[in-house]
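Counting from 46, one number per residue, gives the positions in the sequence shown under our numbering. First up is the structure itself, then whatever we jot down about it.
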Amino acid sequence: MTVLQFWNEYLAKTGQKPQDAVYNGELCFEDSGWTGQSQLNLVLGEKKTAIFTPFPSFEINREKLPVAGEVYVVEDTQENPCAVIRVKDVKIIPFSQISWELAQQDGEDENLEAWQEKERDFFEEEADLCGFDFDEEMPVVCEIFELVYKKI
């Protein structure tokens, strides 16, 4: 099924009119393999309801910051559409000030320290790839979202 077919199915099953629906593109968690699939499973199980991205990544890649209300088709690691999420809120917070309440929405870790360690590793890799330096006071874009539709 193509993304357009999936989007049309979503509109039909939710009763939305195409002119009223906001479509912002596709989203795939991680690059591929087990990590991407495990992230997707957390989203589909509604355990992952947030995405954390280093602010410099948006600047360097010349991407617009997300805003509440945006809707994305989520693809699996094979680029097959499987869900629709809606951004509920966007916060920009220094890494060191992200609370456990917010970090829990990532859906994976047992405590704030474990989340920080994992994210530090991820952000340092992202920093190396994109050409910026990670530090504890670096702003992080926190997208809080909700699953609004999934392929059954």
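The beta-carbon is built from N, C-alpha and C at its ideal position, and this holds for glycine as well.
#1: Can you name the residues that DSSP bridges to Glu191?
#2: Using the three-state DSSP reduction, which class does Val112 fall into: helix, strand or coil?
#3: From Cys175 to Ile105, what distance separates their C-alpha atoms?
#4: Just to confirm my understanding: we take Asp121, look at its own chain, exclude 5 residues before and 5 after, and list those with CB closer than 8 Å. What are they?
#5: If you drop the 5 nearest sequence neighbours on each side, which residues of the same chain put their C-beta closer than 7 Å to that of Glu71?
#6: I'd like the list of long-range same chain contacts for Lys163, defined as Cβ closer than 8 Å, with 5 residues on each side in sequence excluded.
This is what the structure gives:
#1: Arg131
#2: coil
#3: 7 Å
#4: Cys73, Gly81, Gln82, Leu85, Cys127
#5: Val48, Tyr117, Val118, Glu120
#6: Glu153, Asp154
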